[in-house]
Amino acid sequence: MHIAQVCYLAPPALGGVEQHVLELSRALIRRGHKVSIHTSNFLDLKGSALPKDLSADEIPTYRYSSKFVKKTTLFSQPIHFPSLIFGLIKTNPDIIHVHSMASMHLEICYIYAKLFKKPLVVTGHYSASDLKRLYTKRKKGKKTKRLIYWEKRLKKIMAYATLIAITEDEASAYRKLFGFSNIVVIPNGVDLKEFNPNLPREDFLLYVGRIVPEKRLDFLIDSLKLLNSKYPSQKLIIAGYAPDKDYLQSLKYSADKEIIFVSPERKELVELISKAKALILPSKNEAFGIVLLEAMAGGAIPLASNSGGFPLVLDDAGLLFDPDSKEDLVEKIRLLDNKELYQTLKEKGLKRVAAFSWESIAKEIEEVYLNLVGR
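The sequence shown begins at 594 in the working numbering and counts up one residue at a time.
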């Protein structure tokens, strides 16, 4: 079976969605399928161009000439690559799997799928509540015609497609907020072999992800400054790509000397996770948080805000903090000094993450594909 994976950005671009697509593609190839990746020719959301013939880990990769569209068109990322439809016609996949729901490439893939009677699978990578907010912004107290059109259009597309939700709560939210019915629940995965949980721990905290306002790094920095004002200094490494250099500079200006910003390659990032004392995610309302699984796989203790899908991901294998309380985050960081608790959380994390191997997840997604193509 030939599966087309379609996404805004693909490796060497760094990010949760990008890594998800790469790992899923690798696992499906190991299961005997043909996979192609269809994406923009951008490295990042600033439009840094990549060679069109650059493959992602030797997987056939089609990078289309891309442009930015106005955000008022209501897509989660304003990247558009209209020649995608010609690439799909040329490669003729058996099934199309779209990543990111509020996207122009979902619209294109839907047109192609309807025209050529191909199954369409969608992984949203966008919480139902955030998606609803995207479509219910108000202008002078009323929805604009554009908002009404795109929400109706999305519902029409998703009546044809099969949605993969990453938690049961997320599936329920899509049903309640949008009326979607074709939903299966399959969580995100992690490559367990990539990490080494047995490396010696080093005394630093870690954040991994995009350096953008919605990740609430200002909250994390202020929390660490509060911690360091009361207790022995604790080092924090913020690892990720910053599309807005002005925002990055504002964070650096507010940070103290114990906070370090890095933009590592994947291999270096994995090593950081495998050596960190703990990994912290301060953002709100995210549907899942793949990096929390990566923390468990690497033996780092995951700390996350008590919001969105984070509690379901962590279960009892990490620590949750009040997303609006710097004091509570400081308290949770201090708990890590308890060696017995630390070891217990590490062992629980390794046990929990074993259920999220990409081999297991890819098998579940493969079943969805096979059912749709009629085996």
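Even for Gly, the Cβ is constructed at its ideal location relative to N, Cα and C. In this text, all values refer to a predicted model and were calculated from it rather than measured experimentally.
Local Cβ density within 10 Å of Val614, reported as buried at 16 or more and exposed below that | Within the sequence shown, the letter at position 21 stands for residue 614. By the 10 Å Cβ count, Val614 comes out buried.
Determine the contact status of Ser658 and Ile672, defining contact as a CB-CB distance below 7 Å.
-> For the purposes of this step, residue 658 is taken as residue 65 along the sequence shown, with counting starting at 1. For the purposes of this step, residue 672 is taken as residue 79 along the sequence shown, with counting starting at 1. Not closer than 7 Å, so no.
How would you write the range of the beta strand (DSSP E) that Pro895 sits in, first residue to last?
-> Here residue 895 is taken as the residue at index 302 of the sequence shown, counted from 1. Where Pro895 is concerned, the enclosing beta strand (DSSP E) stretches over 894–898.
Is the beta carbon of Phe949 sitting closer than 7 Å to the one on Val691?
-> Counting from one through the sequence shown, the residue named residue 949 turns up at place 356. Counting from one through the sequence shown, the residue named residue 691 turns up at place 98. Not a contact, by the Cβ cut-off of 7 Å.
Per DSSP, Ser950 is paired with what?
-> Taking the sequence shown and counting its residues from 1, the one referred to as residue 950 is at position 357. Beta-bridge pairing links Ser950 to Val783.
Can the beta-carbon of Leu872 be found closer than 7 Å to that of Ala848?
-> Along the sequence shown, one-based indexing puts residue 872 at 279. Along the sequence shown, one-based indexing puts residue 848 at 255. Their beta carbons are not under 7 Å apart, which means Leu872 does not touch Ala848 by this criterion.
Runs of alpha helix (DSSP H) wholly within the stretch 713–762 (minimum 4 residues, chain order) = 721–728, 738–753
Taking the alpha-carbon positions, what's the Asn634 to Tyr655 distance?
-> As a position in the sequence shown, residue 634 is number 41, starting the count at 1. As a position in the sequence shown, residue 655 is number 62, starting the count at 1. Their Cα atoms are separated by approximately 8 Å.
Which value, in whole angstroms, describes the spacing of the CA atoms of Val801 and Ala606?
-> As a working mapping, residue 801 is identified with position 208 in the sequence shown. As a working mapping, residue 606 is identified with position 13 in the sequence shown. One C-alpha to the other measures close to 14 Å.
DSSP three-state assignment for Ile596, whether helix, strand or coil | For this step, residue 596 is matched to residue 3 along the sequence shown. In this structure, Ile596 counts as strand in the three-state DSSP scheme.
Gly717: which of Lys710, Leu747, His626 sits nearest, CA to CA?
-> As a working mapping, residue 717 is identified with position 124 in the sequence shown. The shortest Cα separation from Gly717 among Lys710, Leu747, His626 belongs to Leu747.
Unbroken beta strand (DSSP E) runs of length 3 or more, entirely within the stretch 911–957: which are they?
-> 912–914
Label Glu879 either buried or exposed according to how many other C-beta atoms from any shown protein chain fall within 10 Å of its C-beta, with 16 as the threshold for buried.
-> Start at 1 with the first residue of the sequence shown, and residue 879 comes out as number 286. Buried: at least 16 other Cβ atoms inside 10 Å.
On the DSSP bridge assignment, give the partners of His690 in chain order.
-> The residue you call residue 690 lines up with position 97 of the sequence shown. In DSSP, His690 forms a bridge with Gln598, Val714.
Excluding the five sequence neighbours on either side, which residues of its own chain have a C-beta within less than 6 Å of the C-beta of Thr729, listed in chain order?
-> Here residue 729 is taken as the residue at index 136 of the sequence shown, counted from 1. Nothing meets the Cβ criterion.
What three-state label does DSSP hand Ile804 in the structure shown?
-> Against the sequence shown, residue 804 aligns to sequence position 211. Ile804: coil per DSSP, three-state reduction.
Any contact of the stretch 860–874 with the stretch 836–845, i.e. 3+ C-beta pairs under 8 Å?
-> no
Pick out the complete alpha helix (DSSP H) segments inside the stretch 602–647, 4 residues or longer, and give them in chain order.
-> 609–623
What does DSSP give as the partner residues of Lys660 in its beta bridges?
-> Taking the first residue of the sequence shown as position 1, residue 660 is located at position 67. According to DSSP, which records beta bridges pairwise, Lys660 is partnered with His673.
Determine the burial state of Leu798: buried for a count of at least 16 other Cβ atoms within 10 Å of its Cβ, exposed for fewer.
-> The residue you call residue 798 lines up with position 205 of the sequence shown. Buried, since its Cβ has 16 or more Cβ neighbours within 10 Å.
Looking at the unbroken beta strand (DSSP E) that takes in Lys877, where does it start and where does it end?
-> Counting from one through the sequence shown, the residue named residue 877 turns up at place 284. Where Lys877 is concerned, there is no enclosing beta strand (DSSP E), given that its DSSP letter is neither H nor E.
Going by C-alpha distance, which of Gly625, Asn821, Phe771, Leu929 is nearest Ser720?
-> Position 127 of the sequence shown, counting from 1, holds the residue named residue 720. Among Gly625, Asn821, Phe771, Leu929, the Cα nearest to that of Ser720 is on Phe771.
Buried or exposed for Ile630, please, with buried defined as at least 16 other CB atoms from any protein chain shown within 10 angstroms of its CB.
-> For the purposes of this step, residue 630 is taken as the residue at position 37 of the sequence shown. Looking at its Cβ environment, which holds 16 or more other Cβ atoms inside 10 Å, Ile630 is buried.
When you compare each of Thr684, Ala897, Ser722, Asp723 to Lys711 by their alpha carbons, which one comes out closest?
-> As a first step, residue 711 must be located in the sequence shown, where it is residue number 118. Of Thr684, Ala897, Ser722, Asp723, the residue nearest in Cα terms is Thr684.
To the nearest angstrom, report how far apart Ile652 and Asp646 are at their CA atoms.
-> Start at 1 with the first residue of the sequence shown, and residue 652 comes out as number 59. Start at 1 with the first residue of the sequence shown, and residue 646 comes out as number 53. Approximately 11 Å between the Cα atoms of the pair.
For Val966, count neighbouring Cβ atoms within 10 angstroms of its own Cβ and tell me buried if that reaches 16, exposed if not.
-> The residue you call residue 966 lines up with position 373 of the sequence shown. Its Cβ having fewer than 16 others within 10 Å, Val966 is exposed.
Relative to the alpha-carbon of Cys702, which residue among Arg624, Asp723, Gly680 has its alpha-carbon at the smallest distance?
-> Counting from 1 along the sequence shown, the entry for residue 702 is found at position 109. When only C-alpha atoms are compared, the closest one is Gly680.
Cross-strand partners of Lys828 (DSSP beta bridge) = On the sequence shown, position 235 is the one that residue 828 refers to. Bridge partners of Lys828: Phe797.
Tyr962 to Ile688, Cα distance in whole Å?
-> Against the sequence shown, residue 962 aligns to sequence position 369. Against the sequence shown, residue 688 aligns to sequence position 95. Using only the alpha carbons, I get a separation of about 7 Å.
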